[in-house]
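Data first, discussion second: the structure below is written as structure tokens.
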Amino acid sequence: DQIANPPAILYRGTEDFHGTPLASVPYDPVHWKYNSILEETKDFIQTVWDGGVPKVDPADAHYGLLMIEQAYASARTGQPVAFADLAKSGE
Numbered sequence: 441d442q443i444a445n446p447p448a449i450l451y452r453g454t455e456d457f458h459g460t461p462l463a464s465v466p467y468d469p470v471h472w473k474y475n476s477i478l479e480e481t482k483d484f485i486q487t488v489w490d491g492g493v494p495k496v497d498p499a500d501a502h503y504g505l506l507m508i509e510q511a512y513a514s515a516r517t518g519q520p521v522a523f524a525d526l527a528k529s530g531e
């Protein structure tokens, strides 16, 4: 949640109710979207230029999109979505 301060909190396990704020994620409610798109674009260009590996694994990004699509489907239908359904939706 980029509007909340801190914007990113790491939770470890089911009993970690408070989490640990991630100091590497700056609080910037005004410019966060622009800056995140800029950084991802720079990383993509650098990766293509160098022939390297992107900071965000494309498979992880794809899985994240599948999760978002399934969350919308769940909200629309009122039905839960199992993790196994995510793998099927990407086939």
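Take any residue in the sequence shown, note its place counting from 1, add 440, and you have its number in the working numbering.
C-beta atoms are modelled at their ideal positions from N, C-alpha and C, and glycine is treated no differently.
At the level of alpha carbons, what is the spacing between residue i and residue j?
| i | j | result |
| --- | --- | --- |
| residue 469 | residue 510 | 27 angstroms |
| residue 457 | residue 450 | 10 angstroms |
| residue 455 | residue 489 | 44 angstroms |
| residue 464 | residue 518 | 36 angstroms |
| residue 501 | residue 516 | 23 angstroms |
| residue 476 | residue 499 | 19 angstroms |
| residue 452 | residue 523 | 19 angstroms |
| residue 508 | residue 520 | 13 angstroms |
| residue 503 | residue 497 | 10 angstroms |
| residue 441 | residue 491 | 32 angstroms |
Hey, residue i and residue j: beta-carbon distance below 7 angstroms or not?
| i | j | result |
| --- | --- | --- |
| residue 466 | residue 446 | no |
| residue 495 | residue 483 | yes |
To which residues does DSSP link residue i through a beta bridge?
| i | result |
| --- | --- |
| residue 454 | Looking at the DSSP assignment, residue 454 forms no beta bridge with any residue, so it has no partner. |
| residue 461 | 449 |
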